[in-house]
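These notes are about the structure you will find just below.
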Ligand SMILES: Cc1cc2nc3c(=O)[nH]c(=O)nc-3n(C[C@H](O)[C@H](O)[C@H](O)COP(=O)(O)O)c2cc1C
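Numbering (my numbering), first residue to last: 7 to 214.
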């Protein structure tokens with residue numbers, strides 16, 4: 007059987023294209039059944055048993071990373087149980103900035119941020135991006151990933167810090183904190199914004 011490249015893998019390709027990331031794929035030790043119906047039954051049983059399926063290999067250097075993307079498909083309105091296996095094996099994720107993402111069949115991926123909040127209530131969790139599996143191959147989805155990364159300040163082009171005084175080209179400012187909170191939208195000036203590092207119009211910027 008020829009397995010088509012998965013929807014989430016395509017979304018990960020876009021993330022790799024626009025951000026400096028290393029990828030670890032959480033692959034099950036026991037592979038899922040090939041037939042669609044068998045696969046659905048298998049996944050349903052996994053949820054009912056509240057399983058923590060084993061995965062192949064592991065990451066040993068999470069401490070080298072400040073930001074960790076966590077994503078996958080939606081299965082029965084939630085992330086696959088194997089992601090819980092991974093997260094429970096890595097309590098050090100609590101100290102990271104976490105970026106939820108995924109692909110879905112119409113229900114969105116809000117269960118990714120809720121799962122991360124459940125495990126790490128004090129972690130910084132960025133705004134998630136969900137893409138419908140049916141449209142993930144469209145250019146509009148690739149652009150959506152690029153815009154999302156820019157907004158979060160994680161796009162390759164926004165990793166250089168610039169000085170606000172050198173950016174006089176914009177007449178309106180959209181300002182986000184590094185953890186993705188919007189503090190100004192279409193503002194004419196930056197008055198009243200506390201000194202610090204922000205994402206302003208998609209670029210990491212210092213306000214002095
Ligand atoms: C067992 C199973 C359950 C699913 N449950 C949902 C669901 O509850 N909501 C939804 O929007 N999509 C659901 N989907 C659709 C997948 O989330 C969607 O096709 C996704 O893009 C698959 O990504 P992948 O190709 O990386 O596996 C389900 C798919 C499968 C196989």
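Using N, Cα and C, we set each Cβ at its ideal position, and we do this for glycine too.
Tell me the DSSP secondary structure of residue i in three-state form.
i           : result
residue 210 : strand
residue 174 : Confidence is the limiting factor: at residue 174 the pLDDT is only 48, short of 50, which leaves the residue's position unreliable, though a coordinate-based value still follows. DSSP places residue 174 in coil when its eight states are reduced to three.
residue 93  : helix
residue 202 : strand
residue 184 : coil
residue 85  : coil
residue 192 : strand
residue 116 : coil
residue 98  : helix
residue 15  : helix
residue 28  : coil
residue 23  : helix
residue 44  : helix
Take the Cβ of residue i as the centre, count every other Cβ of all protein chains shown within 10 Å, and call the residue buried at 16 or more, exposed below.
i           : result
residue 103 : buried
residue 146 : exposed
residue 149 : exposed
residue 141 : exposed
residue 60  : exposed
residue 85  : buried
residue 112 : exposed
residue 14  : buried
residue 62  : exposed
residue 25  : buried
residue 30  : exposed
residue 131 : buried
residue 41  : exposed
residue 198 : exposed
residue 211 : buried
residue 203 : exposed
residue 48  : exposed
residue 209 : buried
residue 35  : exposed
residue 109 : buried
Opposite residue i in the DSSP bridges: which residues?
i           : result
residue 38  : None, per the DSSP bridge assignment.
residue 104 : 74, 131
residue 109 : 79, 137
residue 179 : 193
Check: If you scan the stretch 47-81 from start to end, which runs of the beta strand (DSSP E) of 3 or more residues do you find wholly inside it?
Finding: 73-79
Item checked: Whole runs of the beta strand (DSSP E) within the stretch 122-163, excluding any shorter than 3 residues -> 135-138
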